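Undergrad: Numbering (our numbering), first residue to last: 51 to 354.
Even for Gly, the Cβ is constructed at its ideal location relative to N, Cα and C.
Keep in mind the model is a prediction, meaning the values are calculated, not measured.
Below you will find the structure I want to go over with you.
This is how it looks when you write it as structure tokens:
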């Protein structure tokens, strides 16, 4: 007997955010489009059995417990386990108000020339959107670094956050899924995937209708692996430089280094306590060496 084929697989890695996760699942269950499954990869140590039982109570949820604490590894598990032709990557703490949200992805991808869809990610604290882009964001090589994720106009783009990203399963497997060298929730993990994907299959469509609100909970998720809220965790530095060495042409290093330094140093904690800049600088140096080691060892993709 052949397994039942479905259209869409929603893949959600999670760690220690059960209430938010349950709300996200409930929002998905209210969607008008019904031909989908939800794959949850739970990396939490202390399982909340009560909420897990609620999440598993519907017939379309595939709940997987993983002891490998890595967003990229979790997404790869979801990719392998998925039954849908189309994959939608979501964060575990999002709010989806539009009941046609899933339908927009499906209708767009009926056009076989479209490789994937990126939707806006709206911050819950500001809920602001932008209808103007910085001129730098139009550069075909590095403009994505300056593209606003809360943009309101349809366009094409070669990058997008893995918290609201829809791609074709066949293409995803062809490029090996996520690179698990981006450990935990390392900086640039989704950008590495996006650039490999769009380089081979064409740029994404950015569709403002596919919008969701991101809670950005300060506990759980990728924040579970940072012992200090004052500086970024070491794996983010490692990921940033691994990405540059692996995916960026040398002539584009300056703009990427600028964006990297801005990301790590332009923080209110460092402005208030300049001594933290020294800690950040030391992590950055270590990140350069770790990035080179990762590059030498080679990527860790899904093997078919």
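Answer yes or no: do residue 296 and residue 345 have a C-beta to C-beta separation smaller than 8 Å?
TA: Numbered from its first residue, the chain shown carries residue 296 at position 246. Numbered from its first residue, the chain shown carries residue 345 at position 295. Contact: yes.
Undergrad: Report back the beta-carbon spacing between residue 264 and residue 142 to the nearest angstrom; my notes put them in contact at under 8 Å.
TA: Sequence index remark: in the chain shown, residue 264 carries index 214 (1-based). Sequence index remark: in the chain shown, residue 142 carries index 92 (1-based). Their Cβ separation, rounded to whole angstroms, is 10 Å, which puts residue 264 and residue 142 out of contact at 8 Å.
Undergrad: Using a threshold of 8 Å, state whether the C-beta atoms of residue 89 and residue 114 are closer than that.
TA: Position 39 of the chain shown, counted from the start, is the residue given in the question as residue 89. Position 64 of the chain shown, counted from the start, is the residue given in the question as residue 114. Yes, the pair counts as a contact, with Cβ atoms nearer than the cut-off.
Undergrad: Should residue 254 go down as buried or exposed, given a rule of 16 or more other Cβ atoms within 10 Å for buried?
TA: Here the question's residue 254 lines up with position 204 in the chain shown. Label assigned to residue 254: buried.
Undergrad: In this structure, does DSSP put residue 38 in helix, strand or coil?
TA: Outside the modelled stretch of the chain, which goes from 51 to 354, sits residue 38, for which no answer is possible.
Undergrad: Shortest alpha-carbon distance to residue 76 belongs to which of 200, 147, 66, 289?
TA: For the purposes of this step, residue 76 is identified with residue 26 of the chain shown, where counting begins at 1. For the residues 200, 147, 66, 289, the minimum Cα distance to residue 76 belongs to 147.
Undergrad: Could you give the uninterrupted runs of the beta strand (DSSP E) lying entirely in the region 219-297, keeping only those of 3 residues or more?
TA: For the region 219-297, whole beta strand (DSSP E) runs of length 3 or above, ordered along the chain, are 254-256, 262-264.
Undergrad: Taking just the CA atoms, how far does residue 121 sit from residue 343?
TA: Taking the chain shown and counting its residues from 1, the one referred to as residue 343 is at position 293. Taking the chain shown and counting its residues from 1, the one referred to as residue 121 is at position 71. Spanning the two alpha carbons is a distance of roughly 21 Å.
Undergrad: DSSP on residue 322, reduced to helix/strand/coil?
TA: Here residue 322 refers to the residue found at position 272 when the chain shown is read from its first residue. It is helical.
Undergrad: Helix, strand or coil for residue 63 per DSSP?
TA: The residue given as residue 63 occupies position 13 in the chain shown. Residue 63: strand per DSSP, three-state reduction.
Undergrad: Give me the DSSP bridge partner(s) of residue 180.
TA: Along the chain shown, read from residue 1 onward, the residue named residue 180 stands at position 130. DSSP, once it has assigned bridges, lists 201 as partnering residue 180.
Undergrad: Using the C-alpha atoms, what's the distance from residue 313 back to residue 323?
TA: Here residue 323 refers to the residue found at position 273 when the chain shown is read from its first residue. Here residue 313 refers to the residue found at position 263 when the chain shown is read from its first residue. Their backbone Cα atoms lie some 17 Å apart in a straight line.
Undergrad: Kindly provide the ranges of any alpha helix (DSSP H) runs that are 4 or more residues long and lie completely inside the region 126-173, ordered along the chain.
TA: Taking only runs of at least 4 residues, the alpha helix (DSSP H) segments lying wholly in the region 126-173 are 151-158.
Undergrad: Going by DSSP in three states, residue 86 sits in which element: helix, strand or coil?
TA: Locating residue 86 in the chain shown gives position 36, where the first residue counts as 1. In the structure shown, residue 86 sits in a strand (DSSP, three-state: E or B).
Undergrad: Sorry if obvious, but does the Cβ on residue 213 come closer than 7 Å to a heavy atom of the ligand GTP?
TA: This structure lacks the ligand GTP, and indeed carries no ligand of any kind.
Undergrad: Hey, residue 206 and residue 256 are a contact pair by Cβ (cut 8 Å); roughly how many whole angstroms apart?
TA: In the chain shown, the residue the question calls residue 206 occupies position 156. In the chain shown, the residue the question calls residue 256 occupies position 206. About 7 Å separates the two Cβ atoms, so the contact holds.
Undergrad: Under the rule that 16 or more other beta-carbon atoms within 10 Å means buried, what is residue 284, buried or exposed?
TA: Start at 1 with the first residue of the chain shown, and residue 284 comes out as number 234. Buried, because 16 or more other Cβ atoms sit within 10 Å of the Cβ of residue 284.
Undergrad: Just curious, the beta strand (DSSP E) that residue 114 is in, first and last residue?
TA: Taking the chain shown and counting its residues from 1, one reaches residue 114 at position 64. That run of the beta strand (DSSP E) goes 111-115.
Undergrad: Looking only at C-alpha atoms, which of 234, 245, 340 sits nearest to residue 222?
TA: Along the chain shown, one-based indexing puts residue 222 at 172. Out of 234, 245, 340, 245 has the C-alpha closest to the C-alpha of residue 222.
Undergrad: Is the Cβ-Cβ distance between residue 159 and residue 167 less than 8 Å?
TA: Sequence index remark: in the chain shown, residue 159 carries index 109 (1-based). Sequence index remark: in the chain shown, residue 167 carries index 117 (1-based). Yes; because the gap between Cβ atoms is below 8 Å, this pair is in contact.
Undergrad: Quick one: residues in its chain with C-beta nearer than 6 Å to the C-beta of residue 209, no 5 flanking neighbours on either side, listed in chain order?
TA: Against the chain shown, residue 209 aligns to sequence position 159. Excluding positions up to five away in sequence, the list reads 194, 241, 244.
Undergrad: So, is residue 126 buried or exposed, given that buried needs 16 or more other C-beta atoms within 10 angstroms?
TA: Within the chain shown, residue 126 is the residue found at index 76, counting from 1. Flag for residue 126 reads buried.
Undergrad: Could you tell me which residues DSSP pairs with residue 206 in its beta bridges?
TA: If you number the chain shown from 1, residue 206 lands on position 156. 255, per the DSSP bridge assignment.
Undergrad: Please state whether DSSP places residue 118 in a helix, a strand or coil.
TA: As a working mapping, residue 118 is identified with position 68 in the chain shown. In this structure, residue 118 counts as coil in the three-state DSSP scheme.
Undergrad: Per DSSP, residue 214 is paired with what?
TA: As a first step, residue 214 must be located in the chain shown, where it is residue number 164. Answer is 140, bridged to residue 214.
Undergrad: Report the partner residues of residue 2 according to the DSSP bridge assignment.
TA: Nothing can be reported for residue 2: it is not among the residues displayed for the chain, which extend from 51 to 354.
Undergrad: Contact between the region 197-206 and the region 220-239: three or more CB pairs below 8 Å?
TA: The answer is no - the region 220-239 does not touch the region 197-206, with fewer than three Cβ pairs under 8 Å.
Undergrad: Tell me whether residue 304 is buried or exposed, calling it buried when 16 or more other Cβ atoms sit within 10 Å of its Cβ.
TA: Stepping through the chain shown from its first residue, residue 304 is reached at position 254. Looking at its Cβ environment, which holds fewer than 16 other Cβ atoms inside 10 Å, residue 304 is exposed.
Undergrad: In the DSSP output, what is residue 91 paired with across the bridge?
TA: Numbered from its first residue, the chain shown carries residue 91 at position 41. According to DSSP, residue 91 bridges with 63, 114.
Undergrad: If you measure between the beta carbons of residue 59 and residue 137, is that distance less than 8 Å?
TA: Translated into the one-based positions of the chain shown, residue 59 becomes position 9. Translated into the one-based positions of the chain shown, residue 137 becomes position 87. Yes, the pair counts as a contact, with Cβ atoms nearer than the cut-off.
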